[in-house]
């Protein structure tokens, strides 16, 4: 149990730092997402083979359609998230991204037939108020770029909300098995898009960008996902939900320390409302054995 907690904390800290690296890679968001998907999927398949983990190909086949759809959504979600990092601050992009659970809360009664109780309604209202504070507080600001970054962040949140919902329909697969196929699907979907839309010569790419790209692929995807998936096997769903908030909080702290990004008091208040309301919903509604993951 102790080792599992150390692993999930390490994974969340790694996820929390991804924006610092992406912001300094001199490549398009779609190219970064493609490389991340390729390296991440290869890493997970290799790790699964080396550790001799059993893979239920029969279960994968029976869940193939939702796995492919959710994998494609993950790939496009990365593009939007990385675009958000480029146009606005890492902290704002992260808070927008963590609006995903709020979208899930709102859609659950219609798609999952889950009851929308008073706590969830208050959480949705509180999170929307928080987002209003974040958007409104930046209205005077390199305004167009900031607003565009926030829109990209919310688009990423909407796509990841779809992944969370689709994952609820995936049965009899571990997070590791789902992750391998989803990352592969993300890479397969993004490859033709990048080939058609991008004209990139990797030979012209600077050494710094190559190193950062490899770090994002190997550490922020392969190693972080491996740590996370091995940890959740030994942790309760509510424990996972609580530890997952290390990701956005560490992202905000690290962007302040290493990138010099600052948030106004109003924006901080908005962030507290978004993270606080989603956290309250996690504690009030999640069964102890229900494992729902949200990864950068």
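Numbering (full-length UniProt numbering), first residue to last: 1 to 296. Positions of the beta carbon are idealized from the N, C-alpha and C atoms, including for glycine. Owing to the predicted nature of the structure, the values given are computational and were not obtained by experimental measurement.
Do you know whose CA, among the options, lies nearest residue i's CA?
i, options, result
"residue 9", "227, 259, 27 and 269", "227"
"residue 274", "221, 114 and 130", "130"
"residue 36", "264, 219 and 267", "219"
"residue 148", "177, 83 and 199", "83"
"residue 39", "277, 53 and 225", "225"
"residue 25", "86, 45 and 59", "86"
"residue 80", "243, 245 and 152", "152"
"residue 78", "190, 236, 267 and 231", "190"
"residue 88", "144, 64 and 110", "144"
"residue 74", "255, 30 and 134", "30"
"residue 90", "110, 64 and 150", "150"
"residue 136", "284, 263 and 7", "263"
"residue 197", "12, 34 and 284", "34"
"residue 176", "229, 211, 206 and 199", "229"
"residue 269", "257, 132 and 217", "132"
"residue 267", "11, 134 and 223", "134"
"residue 76", "240, 32, 111 and 43", "32"
"residue 16", "284, 257 and 251", "251"
Under 6 Å Cβ to Cβ from residue i, same chain only, skipping five residues before and after it: list those, please.
i, result
"residue 184", "41"
"residue 310", "Limits of the chain in this structure are 1 at one end and 296 at the other, which puts residue 310 out of reach."
"residue 141", "Residue placement at residue 141 cannot be trusted, given a pLDDT of 48 that sits under 50; the coordinates are not used to answer."
"residue 108", "114"
"residue 18", "220 and 296"
"residue 253", "none"
Once you ignore the five residues that flank residue i on each side, which residues in its own chain have a CB closer than 7 Å to its CB?
i, result
"residue 215", "21"
"residue 45", "180"
"residue 234", "1 and 4"
"residue 188", "none"
"residue 193", "30"
"residue 154", "96 and 99"
"residue 173", "56, 59, 60 and 63"
"residue 209", "25, 26 and 27"
"residue 245", "275 and 279"
"residue 288", "Residue confidence for residue 288 is low, a pLDDT of 48 falling below 50, so the modelled location carries little weight; the figure read from the coordinates is stated next. Result list for residue 288: 236, 237 and 238, in chain order."
"residue 93", "19, 81, 84, 85, 149 and 153"
"residue 265", "none"
"residue 247", "12, 15, 16 and 296"
Closer than 8 Å by C-beta to residue i: which residues in its own chain qualify, once you throw out the five before and the five after it? Chain order, please.
i, result
"residue 103", "157, 158 and 161"
"residue 101", "161, 164, 278, 281, 282 and 294"
"residue 23", "85, 86, 90 and 259"
"residue 170", "63, 66, 67, 70 and 178"
"residue 261", "89, 90, 91 and 255"
"residue 207", "none"
Note to self: For the stretch 157-171 against the stretch 60-70, do three or more pairs of beta-carbon atoms, one drawn from each stretch, fall closer than 8 Å, so that the two count as touching?
What the structure shows: In the pairwise beta carbon analysis, the stretch 157-171 is classified as touching the stretch 60-70: at least three pairs are separated by under 8 Å.
Notebook entry, point to check: Which runs of the alpha helix (DSSP H) spanning at least 4 residues fall entirely within the UniProt domain "EamA" (148-280), listed in chain order?
Noted result: 175-197, 207-217, 224-232, 237-243 and 246-259
Checklist line | alpha helix (DSSP H) segments (min. 4 residues) lying fully within the stretch 38-106 | finding: The qualifying runs are 57-62, 64-87 and 90-97.
Margin query: Would you call the stretch 49-58 in contact with the stretch 109-119, where contact means no fewer than 3 C-beta pairs closer than 8 Å?
Written below: no
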